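Going from the sequence shown to my numbering is simple: count from 1 and add 3. The beta carbon of each residue, even a glycine, is placed where N, CA and C say it ideally should be. Computed from a predicted model, the values in this text were never measured in an experiment. Structure, as structure tokens:
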Amino acid sequence: MKNFKINPVKKNNPVYPQKKVLIAGIVVSASVFTGCFGPGFGTIDGDVVECQPGDMYCPDENTIQICTENSYFDTMTCNDYCIQEFGPEYYAAGFCNEDNPCGCEYSITPGVIAECTPGEFYCSDAATLELCQTDENGLNNWTTNICDDYCLDVFGDNFYPEDDCDSLNTENPCGCIEMLAGINAECTLEDLICGEDGTLGVLDLNTCEYLYEPCTDICGSDQIPGECDPENTDNPCNCH
4 MKNFKINPVK KNNPVYPQKK VLIAGIVVSA SVFTGCFGPG FGTIDGDVVE CQPGDMYCPD
64 ENTIQICTEN SYFDTMTCND YCIQEFGPEY YAAGFCNEDN PCGCEYSITP GVIAECTPGE
124 FYCSDAATLE LCQTDENGLN NWTTNICDDY CLDVFGDNFY PEDDCDSLNT ENPCGCIEML
184 AGINAECTLE DLICGEDGTL GVLDLNTCEY LYEPCTDICG SDQIPGECDP ENTDNPCNCH
């Protein structure tokens, strides 16, 4: 693991960078979401149907949707938004509002690493995962993990990141998959499984789904199937 790289803070009371486009319009609050809407924002039964560049919408307290130049919403976590808009030393400390969506604040002061809770993480770029871990002194610190190294450390020697780092993927943020088998790191199913209708399911390593075939077809015309046994890998249909 590499140590968290601290960028020096030049001001005691930093001012948020001025953005060319923030939010035009009003703030709308409800029990299930807070929204920030600009001109051209439209909904049908609560679903977004159109937007203009600069419009923002918060479907929940940790997620923000921003209207791109192509007039569609790009979804990201509030932490990713703060890093993208203001820099790697910012984090999300609030909710959607007109002046500072996600309440972006400095995450560090000069020489001091931000407080964090073990297990918290965010993606600082497409190949880097910032992970909160407890060090040997019992202190909770942010550590920088290259996704290639993260997959090896967490899942094993044969794993590598297939996709870009994704802060919304809480189970597998680096998209780690097994190098040789091509099986996703979250796929831990058995190789064989017996169906209820006299079929044998064989695990497809590329899709993590079972492909079923009747035992009568597996045994062929010169044998009949017995009781299916997935642990009998040489003859799971007990053909005889």
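Contact under 9 Å by Cβ, C105 with Y84: Between C105 and Y84, the C-beta spacing is below 9 Å.
Proximity of L134 and T66 at Cβ, strictly below 9 Å: Cβ distance not < 9 Å, so L134 and T66 don't count as in contact.
L155, DSSP secondary structure in three states: Of the three classes helix, strand and coil, the one that applies to L155 here is helix, per DSSP.
Per-residue burial, E181 [other beta carbons within 10 Å of its own, 16 or more giving buried]: Burial check for E181: the Cβ neighbour count within 10 Å reaches 16 or more, so the residue is buried.
Other residues of its chain near Q68: CB distance less than 6 Å, five sequence neighbours each side excluded: Once the five neighbours on either side are set aside, the close Cβ partners of Q68 are Y60, F76 and T78.
Counterpart residues of F76 in DSSP-defined beta bridges: Beta-bridge pairing links F76 to C70.
Per-residue burial, F162 [other beta carbons within 10 Å of its own, 16 or more giving buried]: The residue in question, F162, is buried, as its Cβ has 16 or more Cβ neighbours within 10 Å.
Neighbour-count burial assignment, N129, 16 or more Cβ in a 10 Å radius: For clarity, residue 129 is Ala in the given sequence; the question names Asn instead. Under this definition A129 is an exposed residue.
Which of helix, strand or coil DSSP assigns to E148: Before going on, a small fix: residue 148 reads as Asn here, not Glu. Strand at N148.
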